[in-house]
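Chemist:
There are 2 protein chains.
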Amino acid sequence: MPEFRQNLATKEWIILSAERAKRPEEFARSRPPAMELPATDPNCPFCPGQEGNTPDAILTLPPGADPGNWDVRVVPNKFPALVPAPHGECHVCTNQVGPYLRREGIGYHEVVIDSPLHNHDLPLLTHNQMEYVMQAYCDRYNALIALPTTELVVIFRNHGAKAGTSLIHPHSQIVASSVVPFPVRNRIYEGQRYYDTYAHCVYCDMLEYELREGTRVVMNNDHFAVVAPYASSVPYEVIVMPKRHHATFGAVSADEIHDLAYVLQNVLARLWRLLDDPDYNYVIDTAPEHMEEVPFYHWQIRIIPKLTTQAGFEIGSGIGINVLPPEQAAEQLRAMDGSRITLDEANGR
Amino acid sequence: MPEFRQNLATKEWIILSAERAKRPEEFARSRPPAMELPATDPNCPFCPGQEGNTPDAILTLPPGADPGNWDVRVVPNKFPALVPAPHGECHVCTNQVGPYLRREGIGYHEVVIDSPLHNHDLPLLTHNQMEYVMQAYCDRYNALIALPTTELVVIFRNHGAKAGTSLIHPHSQIVASSVVPFPVRNRIYEGQRYYDTYAHCVYCDMLEYELREGTRVVMNNDHFAVVAPYASSVPYEVIVMPKRHHATFGAVSADEIHDLAYVLQNVLARLWRLLDDPDYNYVIDTAPEHMEEVPFYHWQIRIIPKLTTQAGFEIGSGIGINVLPPEQAAEQLRAMDGSRITLDEANGR
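Protein chains in written order, with our numbering: chain Y, 62 to 410; chain X, 62 to 410.
(1) Is Met267/X closer than 8 Å to Leu69/X when the C-beta atoms are compared?
(2) CA-CA distance, Ile174/Y and Phe88/X?
(3) Taking Cβ positions only, does Ile206/Y come closer than 8 Å to chain X?
(4) Of all the residues that make up the segment 354-379 of chain X, which are near chain Y by a beta-carbon distance shorter than 9 Å?
(5) At least one CB of chain Y closer than 8 Å to the CB of Tyr297/X: is that the case?
(6) Of the residues His220/X, Asn138/X, Arg254/X, Tyr270/X, which one's Cα is nearest the Cα of Tyr341/X?
(7) 8 Å is my cut-off, CB to CB: does Phe65/X come that close to chain Y?
(8) Are there three or more Cβ pairs, one per stretch, closer than 8 Å when the segment 223-240 of chain X is compared with the segment 248-259 of chain X?
(9) Are Leu336/Y and Pro85/Y close, meaning C-beta to C-beta below 8 Å?
(10) Write down the C-beta distance between Val295/Y and Ile376/Y rounded to the nearest angstrom, noting that I regard them as a contact closer than 8 Å.
(11) For Gln371/Y, which three-state DSSP category applies?
(12) Ser238/Y versus chain X: which residues are under 8 Å apart at the beta carbon?
(13) For Gln234/X, name the three-state secondary structure that DSSP assigns.
(14) Which residue marks the beginning of the beta strand (DSSP E) containing Pro109/Y, and which one marks its end?
(15) Please classify Gln361/Y as buried or exposed, where buried requires at least 16 neighbouring CB atoms within 10 angstroms.
(16) Sorted by chain position, which residues of the same chain lie with C-beta nearer than 7 Å to Val355/X's C-beta, five sequence neighbours on each side aside?
(17) Could you check which residue in Met191/Y, Arg248/Y, Tyr250/Y has the C-alpha nearest to that of Ser233/Y?
(18) Got a sec? Which residues, its chain only, sit under 6 Å from Pro209/X by beta carbon, not counting five neighbours each side?
(19) Consult DSSP for Ile249/Y and reduce its assignment to one of helix, strand or coil.
(20) Taking the beta carbon of Met302/X as the centre, do at least 16 other beta carbons fall within 10 Å, making it buried, or is it exposed?
(21) Which term fits Asn383/Y, buried or exposed, when burial requires 16 or more other beta carbons within 10 angstroms of its beta carbon?
(22) Examine chain C for any beta-carbon lying closer than 8 Å to the beta-carbon of Gly125/X, and answer yes or no.
(23) Give me the Cα-Cα distance between Glu298/X and Ala286/X, rounded to the nearest whole angstrom.
(24) Taking 8 Å as the cut-off, decide whether the C-beta atoms of Arg171/X and Pro124/X are in contact.
(25) Along chain X, in chain order, which residues have C-beta atoms closer than 8 Å to that of Gln253/Y?
(26) Would you mind stating whether Gly381/X and Val344/Y have Cβ atoms separated by less than 8 Å?
(27) According to DSSP, simplified to helix, strand and coil, what is Tyr161/Y?
(28) Just to confirm the assignment, what range does the alpha helix (DSSP H) spanning Met191/X have?
(29) With a Cβ-Cβ cutoff of 8 Å, do Leu3/X and Ile76/Y count as a contact?
(30) Quick check: what's the CA-CA separation for Ile235/X versus Gly311/X?
(31) Going straight from the alpha carbon of Asn247/Y to that of Glu73/Y, what length do you get?
(32) Taking only three categories from DSSP, how would you classify Pro9/X?
(33) Buried or exposed: which applies to Gly399/X, given that a residue is buried once 16 or more other Cβ atoms fall within 10 Å of its Cβ?
(34) Have a look at Leu368/Y and Ala407/Y and give me their C-alpha separation to the nearest angstrom.
(35) Can you tell me whether Asp182/X is buried or exposed, with buried defined as 16 or more other CB within 10 angstroms of its CB?
(36) Thinking C-alpha only, which one of Leu321/Y, Ala322/Y, Pro231/Y, Ala237/Y is nearest Pro99/Y?
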């Protein structure tokens with residue numbers, strides 16, 4: 062029989078309908094194997110040598126690198142969803158249009174070029190390179206959250222066409238929003254209610270339970286655990302959970318960045334091998350401005366493989382229908398090799 | 062400059078980023094023109110003559126039609142997301158798994174076969190046939206909401222691969238859920254807050270404003286208006302709004318069904334002509350069981366064309382980024398011919 066499962070942190074339900082379960086091969090992409098990409102593509106605006114085709118860099122790593130010899134490069138998005146206030150105002154205008162509210166689309170939208178190598182997605186990076194990506198996330202998070210119009214910093218990555226990207230060169234994105242959106246407000250509200258009742262962080266409690274119970278744990282090291290959530294809304298959804306309680310991503314320590322680079326690459330390599338380089342989105346969930354110290358929110362990275370299509374029932378009800386028990390997803394991912402993907406392996410040799 | 066717009070009924074924000082706006086042709090599908098489909102396909106389980114390949118019909122229209130000579134046929138879904146209680150119990154078991162809640166996946170999942178003709182999607186149907194589809198929705202809504210385990214009835218339609226369907230034969234779906242999901246709870250909560258403040262239904266107020274203001278109105282007849290919502294989350298989102306206030310779809314009258322069949326087909330024909338038969342989902346938003354009479358909820362049909370891909374920012378923030386102002390969408394749709402699509406037109410002749 063199918064079952065409803067409730068996300069303890071958001072109170073959202075999903076339907077687990079495992080009668081329709083598939084084997085990993087059935088989820089794997091039906092597209093042809095990737096063509097062998099060049100290490101540098103002269104038509105790619107994110108490749109070294111094409112720096113003039115993007116706005117000037119906001120950050121390059123390692124620090125003090127030559128302009129043409131960077132490992133990670135952060136630039137403003139040429140097609141930003143939000144833009145800085147025209148004259149550097151600190152105030153964002155909200156006004157009424159009939160019965161409706163509108164607000165100026167103020168904010169920041171940046172692109173993190175994850176590697177100089179056109180054909181090296183995250184699972185192929187060296188550990189040092191992966192650590193630079195995490196460092197760039199952290200540095201830009203802290204710079205953007207400090208700006209007067211920023212209420213929330215959203216760091217995310219779209220991998221593959223089904224995840225909404227068309228550019229192959231490995232890159233992530235960062236949006237600094239002057240509005241705190243509804244799902245974040247809800248997580249705050251529900252986290253606070255749980256804390257009021259139990260005097261614990263709901264995420265810390267879930268993590269403790271998952272590590273004790275074990276069936277949904279994919280990986281576990283000093284600072285992070287990777288878990289397939291009890292109420293996964295899609296097959297192979299996984300969450301990278303920091304063990305140290307902190308509401309915001311910006312508080313990540315140097316030790317944690319080192320571990321995070323390892324864990325995130327490792328779980329992405331497992332997904333790659335199990336599902337043949339699936340399209341996915343990931344996003345860093347973090348508390349908004351002014352909530353760095355709250356005991357009821359807990360930053361984390363949510364990885365959402367794009368293997369299925371959201372249809373009318375999900376749109377109408379907000380209830381995801383998941384055909385794969387997270388216990389099976391975790392078991393399959395645990396059995397996978399999580400070591401770095403080689404270029405030969407990526408090219409199917 | 063981009064702008065944030067707030068959905069008055071849900072308090073959700075979207076970003077309107079029209080600098081990236083496209084012309085309708087740029088949204089239109091890049092797939093090849095549809096192959097010419099047969100009126101009947103012997104391999105299609107929904108075609109006449111294949112009735113033995115589906116479970117027995119729950120409803121056929123017109124009433125008393127011969128088993129092999131129906132206009133609309135409703136059958137249980139062979140691969141249901143939710144299933145009836147095994148022994149007809151009225152109670153749905155909820156239990157605790159560690160800190161989590163789970164509930165039996167009890168409910169009903171039905172398929173409405175919209176037409177006996179394999180190659181006649183909704184915009185091609187006769188008015189009578191379209192009215193039978195609406196009548197089937199209404200009859201099944203009222204039958205399902207009366208069952209003891211039903212808390213909410215979700216009627217929806219997936220058209221095209223990007224909307225999550227693989228079966229070409231025109232069909233809709235109905236799920237009777239024993240759980241009231243989060244977005245519905247939120248609409249109730251926000252509708253009630255608005256009502257507490259203004260003593261009006263927020264949807265009635267929006268409709269009145271839209272009809273007065275005019276720029277986002279696509280169509281308007283005795284019982285319904287079609288509006289591109291102020292805070293549209295995707296290009297060409299449109300809402301079919303009944304003018305008579307009622308919280309639940311089941312209260313629709315015979316006159317309204319007649320008008321609804323006309324209006325829904327007409328707006329789908331406009332979308333078809335403007336966007337070259339786009340993939341879309343539609344869903345009937347309606348209040349849950351026990352709330353038939355509430356003054357703060359208002360049933361409606363939401364049509365969501367699938368022209369863009371939800372990416373990491375939307376997943377992380379819940380904020381849709383829409384590149385097309387709804388005022389432009391409405392203007393383009395108003396200029397379109399909304400008459401029934403002929404088979405020659407559908408076949409590109």
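Glycine residues also receive a C-beta, built at the ideal position from the N, C-alpha and C atoms. Note that this is a predicted model, so its numbers are computed, not measured.
Modeler: Based on what the coordinates show:
(1) Counting from 1 along the second sequence, the entry for residue 69/X is found at position 8. Counting from 1 along the second sequence, the entry for residue 267/X is found at position 206. Yes, the Cβ-Cβ distance between Leu69/X and Met267/X is below 8 Å.
(2) Translated into the one-based positions of the first sequence, residue 174/Y becomes position 113. Translated into the one-based positions of the second sequence, residue 88/X becomes position 27. Their backbone Cα atoms lie some 28 Å apart in a straight line.
(3) In the first sequence, counting from the first residue as 1, residue 206/Y sits at position 145. Taking Cβ atoms only, chain X never reaches closer than 8 Å to Ile206/Y, which makes this a no.
(4) Arg363, Ile365, Lys367, Thr369, Thr370, Gln371, Ala372, Gly373, Phe374, Glu375, Ile376, Gly377, Ser378, Gly379
(5) Translated into the one-based positions of the second sequence, residue 297/X becomes position 236. No, no contact with chain Y.
(6) Position 280 of the second sequence, counted from the first residue, corresponds to residue 341/X. Checked all of His220/X, Asn138/X, Arg254/X, Tyr270/X; the closest Cα to Tyr341/X is His220/X.
(7) Translated into the one-based positions of the second sequence, residue 65/X becomes position 4. With 8 Å as the cut-off, Phe65/X counts as an interface residue toward chain Y.
(8) no
(9) As a first step, residue 336/Y is located in the first sequence; it is residue number 275 there, counting from the start. As a first step, residue 85/Y is located in the first sequence; it is residue number 24 there, counting from the start. Contact: yes.
(10) What you label residue 295/Y is simply residue 234 of the first sequence in a count that begins at 1. What you label residue 376/Y is simply residue 315 of the first sequence in a count that begins at 1. So it is not a contact: roughly 14 Å between Cβ atoms.
(11) Translated into positions along the first sequence, residue 371/Y becomes position 310. DSSP places Gln371/Y in coil when its eight states are reduced to three.
(12) Translated into positions along the first sequence, residue 238/Y becomes position 177. Chain X residues near Ser238/Y: Ser378, Ile380.
(13) As a first step, residue 234/X is located in the second sequence; it is residue number 173 there, counting from the start. Three-state DSSP puts Gln234/X in a strand.
(14) As a first step, residue 109/Y must be located in the first sequence, where it is residue number 48. Looking at the DSSP string, Pro109/Y is not in any beta strand (DSSP E), and its letter there is neither H nor E.
(15) If you number the first sequence from 1, residue 361/Y lands on position 300. With 16 or more other Cβ atoms within 10 Å, it is buried.
(16) Locating residue 355/X in the second sequence gives position 294, where the first residue counts as 1. If we look at Val355/X and ignore the five residues flanking it on each side, its Cβ neighbours are Ala308, Ala348.
(17) Taking the first residue of the first sequence as position 1, residue 233/Y is located at position 172. Of Met191/Y, Arg248/Y, Tyr250/Y, the residue nearest in Cα terms is Met191/Y.
(18) For the purposes of this step, residue 209/X is taken as residue 148 along the second sequence, with counting starting at 1. Cys151.
(19) Your numbering for residue 249/Y matches position 188 in the first sequence. Assignment of Ile249/Y by DSSP, reduced to helix, strand and coil, places it in the helix class.
(20) Reading the second sequence from its first residue, position 241 is the one you call residue 302/X. So Met302/X ends up on the buried side.
(21) Here residue 383/Y refers to the residue found at position 322 of the first sequence. So Asn383/Y counts as buried.
(22) Among the protein chains of the structure shown, namely Y and X, there is no chain C.
(23) On the second sequence, position 237 is the one that residue 298/X refers to. On the second sequence, position 225 is the one that residue 286/X refers to. Each residue's alpha carbon lies about 14 Å from the other.
(24) As a working note, residue 171/X is residue 110 in the second sequence. As a working note, residue 124/X is residue 63 in the second sequence. Sequence inspection shows Glu at residue 171/X; the Arg mentioned does not correspond to that position. Going by C-beta atoms, Glu171/X is not nearer than 8 Å to Pro124/X.
(25) By 1-based counting over the first sequence, the position of residue 253/Y is 192. Correct list: empty, because the minimum Cβ distance to chain X is about 16 Å.
(26) Within the second sequence, numbered from 1, the residue matching residue 381/X stands at position 320. Within the first sequence, numbered from 1, the residue matching residue 344/Y stands at position 283. Taking 8 Å as the Cβ cut-off, Gly381/X and Val344/Y do not qualify as a contacting pair.
(27) The residue labelled residue 161/Y in the question sits at position 100 within the first sequence. Three-state result, Tyr161/Y: strand.
(28) Your numbering for residue 191/X matches position 130 in the second sequence. Per DSSP, Met191/X belongs to the alpha helix (DSSP H) from 188-206.
(29) A question about residue 3/X goes unanswered here, because the residues of chain X that appear run from 62 up to 410.
(30) The sequence position of residue 235/X within the second sequence is 174, counting from 1. The sequence position of residue 311/X within the second sequence is 250, counting from 1. Spanning the two alpha carbons is a distance of roughly 13 Å.
(31) Numbered from 1 along the first sequence, position 186 holds the residue referred to as residue 247/Y. Numbered from 1 along the first sequence, position 12 holds the residue referred to as residue 73/Y. Those two C-alpha atoms are separated by around 10 Å.
(32) Since the displayed chain X opens at 62 and closes at 410, residue 9/X lies outside it and no answer follows.
(33) Taking the first residue of the second sequence as position 1, residue 399/X is located at position 338. Answer is buried; the Cβ neighbour count reaches 16.
(34) Against the first sequence, residue 368/Y aligns to sequence position 307. Against the first sequence, residue 407/Y aligns to sequence position 346. Cα to Cα, Leu368/Y sits roughly 19 Å from Ala407/Y.
(35) The residue given as residue 182/X occupies position 121 in the second sequence. It counts as buried.
(36) Position 38 of the first sequence, counting from 1, holds the residue named residue 99/Y. Of Leu321/Y, Ala322/Y, Pro231/Y, Ala237/Y, the residue nearest in Cα terms is Pro231/Y.
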